[in-house]
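Adding 53 to a residue's 1-based position in the sequence shown gives its number in my numbering.
Where a beta carbon is used, it is the ideal one built from N, C-alpha and C, also for glycine.
Predicted model only: the values in this text are computed from it and were never measured.
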Amino acid sequence: MHHTPDAYQDIRDAVRALCAEFPDEYHRKVDEQRAYPEAFVDALTKAGWMAALIPQAYGGSGLSMAEASVIMEEINRSGGNSGACHGQMYVMNAIVRSGTEAQKDRYLPRIAAGELRIQAMGVTEPTTGSDTTKLKTQAVKKDGRWVINGQKVWISRVQHSDMMILLARTTPLAEVQKKSDGLSCFLIDLKQAEGKGLTVRPIPNMVNHETNELFFDNLEIPEENLLGVEGKGFKTILDGLNAERTLIAAECIGDGYWFVDRATKYASERVVFNRKIGQNQGVQFPIAESYIEIEAANLMRWRACELIDAHKPCGAEANMAKYLAAKASWEAANACLQTHGGFGFANEYDVERKFRETRLYQVAPISTNMILSYVAEHVLGLPRSY
Ligand SMILES: Cc1cc2nc3c(=O)[nH]c(=O)nc-3n(C[C@H](O)[C@H](O)[C@H](O)COP(=O)(O)OP(=O)(O)OC[C@H]3O[C@@H](n4cnc5c(N)ncnc54)[C@H](O)[C@@H]3O)c2cc1C
């Protein structure tokens, strides 16, 4: 498949038309109010876009990763922020890949219909951070139930989800041969759990991103809520993470084009010293450089999509796509802000909002150093560092 920046034009046109109903003022107001873009996410869900990756047999549209990534790209390119809803597109992937037939039948059609929101994934913990296999949240089997104790941090969209996938330790680290063994995934019914063993505490943060601390105090869940093989939860989660990274790469590409478009437009209009600022090469070059880097990152994004769609190993490409795209969008954000001078700081230009939003992707869902470390160790064969 040959991909151009405007591949999948039908999907682009349809998502663009929907996004056009939610102009800059809408996203700006939601950001200022630190609110959730309820109407926007609702419209995307009703139009079926959030069910892109759910197989048709379960009521989804069974689109490819390449097609799904275009949806996310267009949301960000329109000035919106997929971070509010991208979880709904990929968290369920763990059910598709690792769920039992009963779990698939029970959850996927309702997720596809937009009746059930599964936008939350609980991995990160306050004391262990990027060192995921050391996480301390424990699930212990007792009288046909799982009893969960521990703490998570930065768990996004919990307040706008019905379900969450949780990663917890089921066999102590000291008793496993491989440190990634002994972890298991669970489906948590958030509405049932809250107040009955689960406490949710929101974290005010730089971006308008609903994210929380979670405290588990003897939360009991049914035995059948184990997702995937007991002790192999790290793999269950990892399968979904490559999809997440590829979709987020596409979001960063969308951001990058948005910044370049806005910078180009402003530089072509703003007159200082009796000339358009865009006539100065000192203003042009950072915008041109950003464009080049976004185009290059986009090639890696398509490469990662192709591998995922061909069911081939894609860990390196998904990570590299996310790295390149997040870097390119951040450089473009800087160029765009600089081009706007003081006006870049005014809320009404939306540059400062998008600048904050795209900055997150240097840190989450995986920080750049962890990607460099992955490539150094697993692609180049350099000695393991940790
Ligand atoms: C807004 C937001 C939303 C999030 N949503 C979710 C979510 O929904 N679910 C979830 O599970 N998590 C979520 N996260 C967590 C996110 O994945 C983590 O913040 C991220 O993985 C980094 O972990 P940490 O913050 O503990 O940083 P740390 O692991 O403490 O790292 C701090 C810094 O040190 C660097 N570092 C650490 N060790 C090394 C090393 N050995 N070599 C080189 N550099 C190193 C890191 O790269 C980083 O720059 C979210 C975070 C944010 C900010």
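Boundaries (first-last residue) of the alpha helix (DSSP H) holding residue i
i: PHE312; result: 286-322
i: ASN146; result: 146-151
i: GLY175; result: No alpha helix (DSSP H) holds GLY175; the beta strand (DSSP E) holding it covers 173-175.
i: ARG159; result: 154-165
i: GLN141; result: 139-143
i: ILE424; result: 421-427
For residue i, three-class secondary structure by DSSP
i: PHE239; result: strand
i: LYS189; result: coil
i: ALA385; result: helix
i: LEU71; result: helix
i: LYS82; result: helix
i: ARG328; result: strand
i: GLU178; result: coil
i: GLU247; result: strand
i: HIS55; result: Any reading at HIS55 needs caution, since the residue's pLDDT is 49, under 50, leaving its predicted position unreliable; the model's value is listed next. It is coil, neither helix nor strand.
i: TYR89; result: coil
i: ALA227; result: helix
i: VAL416; result: coil
i: ASP66; result: helix
i: ASP184; result: coil
i: GLU430; result: helix
Straight-line Cα distance separating residue j from residue i
i: VAL428; j: ALA369; result: 7 Å
i: PRO108; j: LEU294; result: 18 Å
i: GLU405; j: VAL94; result: 22 Å
i: ILE124; j: ASP234; result: 35 Å
i: HIS55; j: ARG65; result: Note that HIS55 scores 49 on pLDDT, short of 50, meaning its location in the model is unreliable; the coordinates nonetheless yield the value given after this. When rounded, the distance between both Cα atoms is 16 Å.
i: SER438; j: ARG222; result: 23 Å
i: ASP403; j: PRO179; result: 32 Å
i: PHE398; j: ASN387; result: 12 Å
i: GLY175; j: ALA246; result: 14 Å
i: ASN422; j: LEU267; result: 26 Å
i: GLY307; j: GLU127; result: 6 Å
i: GLY140; j: THR289; result: 16 Å
i: LEU161; j: GLN334; result: 53 Å
i: GLY113; j: ILE361; result: 18 Å
i: ILE148; j: ALA417; result: 22 Å
i: PRO436; j: GLU228; result: 25 Å
i: ASP158; j: ALA165; result: 11 Å
i: LYS82; j: LYS232; result: 45 Å
i: ALA60; j: LYS194; result: 49 Å
i: ALA155; j: ALA374; result: 35 Å
i: MET118; j: ARG87; result: 31 Å
i: GLY447; j: PRO225; result: The requested residue 447 does not occur in the structure, where the chain is confined to residues 54 to 439.
i: PRO440; j: ARG328; result: Since the first and last residues shown for the chain are 54 and 439, residue 440 lies out of range.
i: GLU384; j: SER343; result: 6 Å
i: LEU220; j: GLU78; result: 38 Å
i: PHE75; j: LYS99; result: 15 Å
i: LEU377; j: TYR414; result: 11 Å
i: GLY101; j: ASN146; result: 16 Å
i: LEU390; j: GLU304; result: 19 Å
i: ASP292; j: GLY281; result: 11 Å
i: PHE312; j: PRO275; result: 47 Å
i: THR185; j: PHE287; result: 9 Å
i: ARG356; j: ALA363; result: 11 Å
i: ARG354; j: ASN129; result: 15 Å
Per DSSP, cross-strand counterpart(s) of residue i
i: TRP221; result: For the record, residue 221 in the displayed sequence is Ala; it is not Trp. ALA221 is bridged to SER237.
i: MET216; result: ASP242
i: LYS195; result: ARG198
Residue span of the beta strand (DSSP E) that contains residue i, given as start and end
i: ARG198; result: 198-209
Exercise. Taking only runs of the beta strand (DSSP E) that begin and end inside the segment 251-281, which ones reach a length of at least 3 residues, in chain order?
Worked result: Restricted to the segment 251-281, the beta strand (DSSP E) segments that are unbroken, complete and at least 3 residues in length are 251-255 and 264-275, listed in chain order.
| said: What ranges does the alpha helix (DSSP H) occupy inside the segment 91-135, keeping only unbroken runs of at least 4 residues that lie completely in it? | reply: Whole alpha helix (DSSP H) segments, 4+ residues: 91-99 and 118-130.
Where in the segment 335-410 do unbroken runs of the alpha helix (DSSP H), each at least 4 residues long, occur, reported from the N-terminal end onward?
For the segment 335-410, whole alpha helix (DSSP H) runs of length 4 or above, ordered along the chain, are 368-392.
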